[in-house]
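Structure first, then comments.
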Amino acid sequence: MSEGLLTISPMEREDIPRIMEIERQCFTDDGWTAEGFQREIDNKKIAFYITASLDGKIIGYMGSWIILEEAHITTFAVDPEYRNRKVASTLMLCFMREAVKQEVHWSTLEVSEKNEHAIKLYKRFGYKTVSVRKNYYGENEDAFLMWIGNMHLKSFSERLDEIEKEIS
Ligand SMILES: CC(C)(COP(=O)(O)OP(=O)(O)OC[C@H]1O[C@@H](n2cnc3c(N)ncnc32)[C@H](O)[C@@H]1OP(=O)(O)O)[C@@H](O)C(=O)NCCC(=O)NCCS
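Just so we're aligned, residue 26 is where the sequence shown starts under our numbering, counting upward by one.
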């Protein structure tokens, strides 16, 4: 990002009002509630939730569950004003480094078949579509189940180093 300082931090309870502003802009019908985020943040055993802030203002966030060898992405959003500037890629990199640190082997997520930007983001990090969940997002909107493996291998961390160079 050319201007300002982008920082990644653990999501805290006091971040929730700002998270909800972004959530409402990004997901009109099926967004999460404040209570939902609170529950996740409190679930310290498995939840890994982070925010991206530009000069102190939260502009994006993502969440995941890390359970033994598996990491599942639960939510991902960037303020529409700040998109296509690698904010999501920076969050993803941080999540993946944490997953590697916790010796995760594979990761999964669901994404709408119509969400081309998110699909592009996930593919860049190596996720592949392994299955389709029919009408997952309502009638006529399927989800792709995406998966990435071999995250514990050295070659995966080397790929993350390359992506980090590309986005910095
Ligand atoms: C998906 C989302 C998180 C991406 O955030 P972002 O910060 O814009 O993403 P990045 O800038 O890191 O870019 C990720 C990829 O998407 C592409 N992309 C993002 N916005 C784009 C746009 N407006 N036009 C074209 N490509 C775009 C980038 O080119 C990039 O691909 P690349 O790395 O191969 O160049 C964001 O669009 C969003 O919040 N969408 C609404 C919520 C959502 O759909 N969440 C995902 C639910 S599964």
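Beta carbons: idealized from backbone N, C-alpha and C, even for Gly.
Keep in mind the model is a prediction, meaning the values are calculated, not measured.
I want to see whether chain C comes within less than 8 Å of residue i, judged by CB atoms only; does it?
| i | result |
| --- | --- |
| Glu191 | The displayed structure is made up of one protein chain only, and chain C is not part of it. |
Report buried or exposed for residue i, applying the criterion of at least 16 other Cβ atoms within 10 angstroms of its Cβ.
| i | result |
| --- | --- |
| Asp80 | exposed |
| Thr53 | exposed |
| Lys70 | exposed |
| Glu191 | exposed |
| Thr115 | buried |
| Glu48 | buried |
| Ser132 | buried |
| Ala59 | exposed |
Check whether the Cβ atoms of residue i and residue j lie closer than 8 Å to each other.
| i | j | result |
| --- | --- | --- |
| Leu14 | Ser156 | The structure shown does not extend to residue 14, since the chain is modelled only from 26 to 193, so the question has no answer here. |
| Val129 | Met176 | yes |
| Ala168 | Phe101 | no |
| Arg122 | Leu185 | yes |
| Lys153 | Ile173 | yes |
Taking DSSP's pairing of strands, which residues face residue i in a bridge?
| i | result |
| --- | --- |
| Pro42 | DSSP, once it has assigned bridges, lists no residue as partnering Pro42. |
| Ile33 | Ala77 |
**Report entry** Uninterrupted alpha helix (DSSP H) stretches inside the segment 146-187 (no shorter than 4 residues)
**Finding:** none
Query raised in the report: Are the segment 59-76 and the segment 31-48 touching by the rule of at least three beta carbon pairs closer than 8 Å?
Result: yes
Query - Complete runs of the beta strand (DSSP E) confined to the segment 60-110 [at least 3 residues] - result: 72-79, 82-92 and 95-103
Query raised in the report: For the 8 Å Cβ check, are there 3 or more pairs between the segment 53-64 and the segment 89-98?
Result: no
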